[in-house]
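A.B. asks:
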Amino acid sequence: EPSTSSTSTTSNQDNNGPSSTTASAPSNDKNSTTTTTTNNNDSQNNLQPTPGSLKNVSDRVLIAKAKLVESPYDLDAWNILIKDVQNKNQEITREFYEQLVSQFPTSGRFWRLTIEYEIKYKNYERVEKVRCLFLFQRCLVKVLNIDLWKCYLNYIKEAKYHLPSFREKMGQAFDFALEKMGIDINSYSIYNDYVQFLKGVDAQGNYAENQKISAVRRVYQRGIVIPMLNIETFWKEYLAYEQNINPMFVDKAIADRSKDYMNARRVAKEFEAITRGLNRNAPAVPPQSTPEENRQVDLWKKYIQWEKQNPLKTEDVTLVIKRGIFFDC
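For what it's worth, UniProt numbering labels the leading residue of the sequence shown as 1, then goes sequentially.
#1: Among D316, S107, I226 and W300, which has the Cα closest to the Cα of V267?
#2: Fully enclosed by the stretch 75 to 157, which beta strand (DSSP E) runs are 3 residues long or longer?
#3: Mapping the DSSP letters down to three states, classify K302 as helix, strand or coil.
#4: So, at 8 Å on beta carbons, what are the nonlocal neighbours of V216 in its own chain, with the 5 sequence-adjacent residues on each side left out?
#5: Would the beta-carbon of K129 fall within 9 Å of that of A159?
#6: Excluding five sequence neighbours on each side, which residues of the same chain lie with their C-beta closer than 8 Å to the C-beta of Q296?
#7: I'd like to know if the stretch 99 to 112 and the stretch 310 to 317 are in contact, where contact means that at least 3 CB-CB pairs between them fall below 8 Å.
#8: Would you be able to state if there are at least three C-beta pairs under 8 Å between the stretch 248 to 260 and the stretch 296 to 305?
#9: Might you give, ordered along the chain, the residues of its own chain that have their beta carbon closer than 8 Å to the beta carbon of A264, omitting 5 neighbours on each side?
#10: Taking the beta carbon of Y161 as the centre, do at least 16 other beta carbons fall within 10 Å, making it buried, or is it exposed?
#11: Can you check the stretch 246 to 283 for any alpha helix (DSSP H) of at least 4 residues that lies completely inside it and give the ranges in chain order?
#12: Identify the continuous alpha helix (DSSP H) that holds D59 and give its terminal residues.
#13: Please classify residue 330: does DSSP put it in a helix, a strand, or coil?
#14: Can you give me the Cβ contacts of W149 inside the same chain, cut-off strictly under 6 Å, excluding the 5 residues immediately before and after it?
#15: Report the rounded CA-to-CA distance for G324 versus F134, giving the unit in angstroms.
#16: Rounded to the nearest angstrom, what separates L319 and A64 at their Cα positions?
#17: Let me confirm a value: R112 is counted as buried when at least 16 other C-beta atoms fall within 10 Å, else exposed. Which label applies?
#18: Could you work out which residue in N87, N79, R222 and C151 is closest to L100 when comparing CA atoms only?
#19: Mind checking S58: buried by the 16 CB within 10 Å criterion, or exposed?
#20: Less than 7 Å between C-beta atoms, sequence neighbours within five positions excluded: which residues of the same chain meet that for V201?
#21: Go to Y207, then tell me how far its alpha helix (DSSP H) extends in each direction, as first and last residue.
#22: Relative to the alpha-carbon of K302, which residue among T275, Y73, Y191 and V141 has its alpha-carbon at the smallest distance?
#23: Could you spell out where the alpha helix (DSSP H) holding S189 opens and where it closes?
#24: How would you call A208, buried or exposed, if buried means at least 16 neighbouring beta carbons within 10 angstroms?
#25: From F326, S165 and F110, pick the residue whose C-alpha is nearest to that of A284; which is it?
#26: Which of the three DSSP states, helix, strand or coil, is assigned to D175?
#27: May I have the straight-line CA-CA distance separating F249 from S258, to the nearest angstrom?
#28: Under the assumption that L144 contacts F326 (Cβ atoms under 8 Å), give the Cβ distance between them as a whole number of angstroms.
#29: Using alpha carbons as the reference points, say which of T114, Y152, D74 and I304 lies closest to Q288.
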């Protein structure tokens, strides 16, 4: 798992991940637009079409490169080049992806594309796997994007499955992911995958079986109080699990947890309504004051005002602050 040391800080210190980290403030692809002028100039010089390249690339690609010289944040042009570079050799493709994530350092989508390119070569030399870990170190705790974190979990699953310590490492990776992404509105898949992983663990003996039951129950109970999509499904799955383990425990589970679950379900529905139309994953670019951009600003203001009202009605100040930072635009 990546070692994610950093000189910047965030309120979410992690002690459960694959290594101890000091994380940067979460960005969610939305609030950091600064890159060094030198790096930008170097990147754009590399994108400048030359006369010798005219025979090897399409007019569409040449036009896209020319656009980026004048407008380095042109997303349409970047997307054209992303598609084109898939057919290039590894050296050229890696150089391109470095330019991409340097230009958009808070974009979960672009980091994920960069890492997934490396993962394609997992069956080749060991250096490819080392490179994947290096990329995760650079972005994982700084870019709180659900798809990027799912990519990380899938990588750990594929890269570590042959190790004797796989179960421990996979469990650590899930705990790490929940520590950082467990309050995301789209975190259901991580909770559900963790539960399925724990259920699949082979437990020998009563003690091991009880430990397994406690671990599964702990993840269920952690998730059913989180405002997230599909929370109703997760709640039903939890009750079914308790019913299967001990039918007498179901009534107690409902009595103990239903109030918090109902509260989380209410907030999830409000969140979904208040953020409808909000593009949380848009790459950070300099403001252009376009009609769509202004609409997004209005939606963010509306959401922030709602979040400031403490919709969970919780007295846990730490949770209120964590939510405010996590969903910060």
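Note that beta-carbon positions come from the ideal geometry of N, C-alpha and C, so glycine has one too.
Note that this is a predicted model, so its numbers are computed, not measured.
C.D. replies: Taking the coordinates as given:
#1: I226
#2: none
#3: helix
#4: V195, L198, K199 and Y241
#5: yes
#6: L278, N279 and A282
#7: no
#8: no
#9: I224, V225, I226, P227, M228, I231 and L312
#10: exposed
#11: 250 to 274
#12: D59 to E70
#13: In the structure displayed, the chain extends from 1 to 329; residue 330 sits before or after that span and is not available.
#14: A177 and M181
#15: 29 Å
#16: 44 Å
#17: buried
#18: N79
#19: exposed
#20: R167 and K212
#21: N206 to G223
#22: T275
#23: Y188 to K199
#24: exposed
#25: F110
#26: helix
#27: 14 Å
#28: 7 Å
#29: D74
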